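Please read the structure below before turning to the comments.
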Amino acid sequence: MNAENPKPIIVLENLVKIYRQGKLEVPAVRGVNLEIKSGEFTAISGPSGSGKTTVLNIIGALDDPTDGKVFVEGIHLASLSRSALSKLRRDRIGFVFQAYNLIPVLTAFENAEIVLALQGVAVKDRRERVMGLLADVGLEGMEHRRPDQLSGGQQQRVAIARAIASNPAVVLADEPTANVDSSTAEKLLSIMEKLNRKQHVTFVFSTHDQKVMDRARRIIHLVDGKISNDEIRE
Amino acid sequence: MRSTGMATMAWRNLRRNRRRTALTVFGISFGVLLAVIFTGIGDSSYADMIDLAARMGTGHVTVQHGDYLDTPSVSKTVTGTSKISALAARDENVKSISTRITGQVLLATSAASYGAAMLAIDPQKENKDTFALFDSVDEGAMFESGADKGIILGAKLAQNLDTKMGRKVVYTLTDKSGEIVSGLARVKGILRTGSQSVDAGLCILPIDTVRKTLGFDTDEATQVAVFLYDQRNSEKVAQRLKKTIGENAQVLTWDKSNPALAGFIGMKVSGTVIFEILILILIAAGIFNTIFVSVMERMREFGIMSAIGFSPTKIFSLVMWESLWIGIIGLISAAAITAYPYYLMATKGIDVSKMTGGEQSLEVAGVAMSPVIYADIYPQSILVICLAVFGATLLSGLYPAWRAGKVVPVESIKLV
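Which chain is which? The protein sequence lines are P and G, in order.
Heads up: the first sequence at position 108 corresponds to 108 in my numbering, and the numbers run straight through without jumps.
If you want my numbering, it's the position in the second sequence, counting the first as 1, plus 1000.
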């Protein structure tokens, strides 16, 4: 990787998303053009209904654009089959959801391990990797706890470990601090910031939390489905 | 993820709503219990009926003259019965072989005359395994040899003829050349079976005496009855015998020589199959309900799985694993709850004589049956039931699994 001029890992070209409710058309995204480079710690902000979550969903191959193109690591998402999109999400994209969304029947360890297991990584290697990640997010000794035995903040840490376990190109975090108190939010952000700085994990947040925006090195502000401001901080 | 991992997840998913899983498992178990008991009763009673019918005269496999089945007559004989018996005895499925003369006879005493069915046997080669009435002589005794001068009459027939033990009876037959021939015998025994057709319409005579009366060779009879260890091998044995005997005689399985019984059993088996299909549908509906409700409740979870990289196939297989587990637990549980009732049915049975007016035997398609119903299921039937339940379990899971696999993450997670 060229640290001085890294390649864009995400490219959005004239992205449009219109939701249809019967005969009513609700435009959520109106012609967004965007490049996100490897190693960025980017926040997409904006008021409710501005289209930030929709953009995140489309980047994450969870939703299709109505028009425009989306490239992840140079791959045009529209050219991929359903199973290829699953594979892309598994191997190249990590997700952190607002509501944690851990699999309730799996332990913390198993939740963090599952993507590696899906990839067919050897048991020994994935154990080593997951134990290291759980230690990085401060969950040592809690590997065997199920989600219902963890606090909200702890669950979100497991979700972060799960998201980065497979060394994805980008982690998409949708309002990751919305369901935790401010102290826990600060800790979670510190963890993600540390992972970004030390392991060069690319993070893209959808947020309207000031704490996230304070730490982000790039803030893309959306209003009514359009980029109103794209600020890069050094 | 390796399949064991999917199996573990599926197992844990079933434990999330234990009451629902337990109810489904109970439904499967109860269905299997019903299927096993009813099939066991069918297997047991049909085998008993077939064996009893075989021991009443025809054997499981019968070798007789080609025209005897359509126009039974003592003139339609098979010769070389010793050779036929020797050929049949080579088959490992054959338990015993009897040579008999069967036909119609006119019996006369000083008081009355009656027509009856005649069965001429060699008492030294028969026993209760080849001849169901061997031990049914209520008064008197079985013949001592094939050349005995006695006759054994059904109780009602003896009453109609107004005769008793030791009295003379003249039996009249038509020989091979169409001439009327007669023999004199003394009543040596009275049969009392409870079967109207036997008690009122059958007489037993010693075979050598009848051969002499009819002018038969010592190696000539109307029938060679072949008895098997297991009636299900009838067709196989008949085919082999047909090849060795050739065109000299007709080889019939029990269902061909006793079409009334075969028709009755066929009808009952069809009823049992329909009943089992209904049970299977109920089981499948129960499992489908459980899996489908469970899947619909977890669509958000499947959406998350899809989002983090579970392929549609993986999600499909996860739900199928859940179906598989339900099937496995259901069958194990079924074995546990079926064992004791089946044991009771196999050893003690149910006495239905009170429901049938106190009769100690029931006549079905001309065969006198015991009023005690037992269950004795064939291993193959158990295998079929298990496979059918397993198949139903997997089939029931297919649609819910397909629905789960088709999950659209963004719609189920509702991030928007």
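Glycine included, C-beta positions come from ideal geometry on N, C-alpha and C.
Being a predicted model, the structure only gives us computed values, none of them experimental.
Best match in the options for proximity to residue i [C-alpha to C-alpha]
| i | options | result |
| --- | --- | --- |
| Gln156 of chain P | P:Ser166, P:Glu128, P:Asn167 and P:Ala185 | P:Ala185 |
| Ile1304 of chain G | G:Thr1218, G:Val1407 and G:Val1063 | G:Val1407 |
| Ser182 of chain P | P:Gln199, P:Ala173 and P:Gln210 | P:Gln210 |
| Phe1316 of chain G | G:Ile1328, G:Trp1325, G:Phe1302 and G:Ala1307 | G:Phe1302 |
| Met1296 of chain G | G:Pro1400, G:Ala1132 and G:Leu1014 | G:Pro1400 |
| Thr1193 of chain G | G:Val1187, G:Arg1186, G:Cys1203 and G:Ala1185 | G:Cys1203 |
| Arg1055 of chain G | G:Ile1413, G:Leu1133, G:Phe1275 and G:Ile1329 | G:Leu1133 |
| Tyr1343 of chain G | G:Gln1380, G:Val1389, G:Ala1022 and G:Ile1037 | G:Ile1037 |
| Ser1370 of chain G | G:Thr1008, G:Ala1047 and G:Ile1385 | G:Ala1047 |
| Ala1007 of chain G | G:Gln1380, G:Ile1050, G:Leu1282 and G:Trp1325 | G:Trp1325 |
| Asp1162 of chain G | G:Gly1057, G:Ala1108 and G:Leu1184 | G:Ala1108 |
| Gln98 of chain P | P:Gly49, P:Asp64 and P:Ala159 | P:Ala159 |
| Val1372 of chain G | G:Lys1348, G:Ser1145 and G:Leu1087 | G:Lys1348 |
| Val105 of chain P | G:Arg1167, G:Asn1017, G:Pro1206 and G:Lys1268 | G:Asn1017 |
| Glu175 of chain P | P:Val201, P:Phe205 and P:Ala165 | P:Phe205 |
| Lys1149 of chain G | G:Asp1138, G:Gly1189 and G:Asp1175 | G:Gly1189 |
| Thr1077 of chain G | G:Gly1327, G:Asp1175, G:Ile1413 and G:Gly1059 | G:Asp1175 |
| Val1389 of chain G | G:Ala1375, G:Phe1288, G:Pro1312 and G:Met1345 | G:Phe1288 |
Chain-ordered chain G contacts of residue i [CB-CB under 8 Å]
| i | result |
| --- | --- |
| Phe95 of chain P | Ala1307 and Ile1308 |
| Arg82 of chain P | Pro1312 |
| Ser228 of chain P | The premise fails here: Ser228 of chain P is roughly 20 Å from chain G at the closest Cβ pair, so nothing lies under 8 Å. |
| Ser45 of chain P | Simply none; closest approach about 16 Å. |
Proximal residues of chain G, C-beta to C-beta of residue i below 7 Å
| i | result |
| --- | --- |
| Ile160 of chain P | By Cβ distance, chain G contributes nothing, its closest Cβ being about 13 Å from Ile160 of chain P, past 7 Å. |
Coil, strand or helix - residue i by DSSP
| i | result |
| --- | --- |
| Leu1205 of chain G | strand |
| Met213 of chain P | helix |
| Ile58 of chain P | helix |
| Pro27 of chain P | strand |
| Thr202 of chain P | coil |
| Val1416 of chain G | In this prediction, Val1416 of chain G scores a pLDDT of 33, lower than 50, which makes its location untrustworthy; the coordinate-derived value is nonetheless stated afterwards. Looking at Val1416 of chain G - three-state DSSP - the assignment turns out to be coil, as it is neither helix nor strand. |
| Ile227 of chain P | strand |
| Asn1289 of chain G | helix |
| Glu1235 of chain G | helix |
| Leu34 of chain P | strand |
| Gly1031 of chain G | helix |
| Met1118 of chain G | strand |
| Gly1005 of chain G | helix |
| Arg90 of chain P | helix |
| Tyr1374 of chain G | coil |
| Asp972 of chain G | Look at the range of chain G in this structure, 1001 to 1416, and you will see that residue 972 of chain G is not part of it. |
| Asp1230 of chain G | coil |
| Ala178 of chain P | coil |
| Asn2 of chain P | Bear in mind that the predicted position of Asn2 of chain P carries a pLDDT of just 46, short of 50, making it too unreliable to give a figure here. |
| Asn101 of chain P | coil |
| Phe1134 of chain G | coil |
| Leu1395 of chain G | helix |
| Arg1090 of chain G | coil |
| Gly1150 of chain G | strand |
| Thr1071 of chain G | coil |
Within chain P, the residues that residue i reaches when beta carbons sit closer than 8 Å
| i | result |
| --- | --- |
| Met1009 of chain G | Ile103, Val105 and Leu106 |
| Arg1016 of chain G | Pro104 and Val105 |
Own chain residues within Cβ distance below 6 Å of residue i, not counting five before or after
| i | result |
| --- | --- |
| Thr1071 of chain G | none |
| Thr1021 of chain G | Leu1014 |
| Arg89 of chain P | Ala61 |
Chain G residues whose Cβ lies nearer than 9 Å to that of residue i
| i | result |
| --- | --- |
| Leu235 of chain P | Lying before the first or after the last residue shown, residue 235 of chain P is absent from chain P, which here runs from 1 to 234. |
| Arg90 of chain P | Ile1308, Gly1309, Phe1310 and Ser1311 |
Cβ-based neighbour list, residue i, same chain, cut-off 7 Å, excluding 5 preceding and 5 following
| i | result |
| --- | --- |
| Tyr19 of chain P | Val26 and Ala28 |
| Val1251 of chain G | Val1061, Val1063, Ala1238, Leu1241, Lys1242 and Ile1245 |
| Ser1003 of chain G | Per-residue confidence for Ser1003 of chain G stands at a pLDDT of 41, beneath the threshold of 50, marking its modelled position as unreliable; no derived number is given. |
| Pro8 of chain P | Glu35, Ile36 and Lys37 |
| Gly1027 of chain G | Ile1283 and Gly1286 |
| Gly1080 of chain G | Asp1219 |
| Val16 of chain P | Val29, Arg30, Gly31, Pro65, Thr66, Asp67 and Gly68 |
| Val201 of chain P | Ile164, Val171 and Leu195 |
| Gly1166 of chain G | Arg1186 and Val1187 |
| Arg1403 of chain G | Val1295 |
Contact list for residue i against chain P, beta-carbon separation under 7 Å
| i | result |
| --- | --- |
| Asn1013 of chain G | Val105 |
Close-in-space but distant-in-sequence residues of the same chain around residue i (CB under 8 Å, 5 per side omitted)
| i | result |
| --- | --- |
| Ile1337 of chain G | Ser1029, Phe1030 and Leu1033 |
| Leu1157 of chain G | Leu1107, Tyr1114, Ala1116, Asp1199, Ala1200, Gly1201, Leu1202 and Cys1203 |
Legend entry - Cβ-based contacts, 8 Å cut-off: residues of the segment 47-62 of chain P near chain G: Thr53, Thr54, Leu56, Asn57, Gly60 and Leu62
Inset, instruction - Mind checking the segment 184-201 of chain P against chain G and listing, in chain order, the residues whose C-beta falls within less than 7 Å of any C-beta there? - result: none
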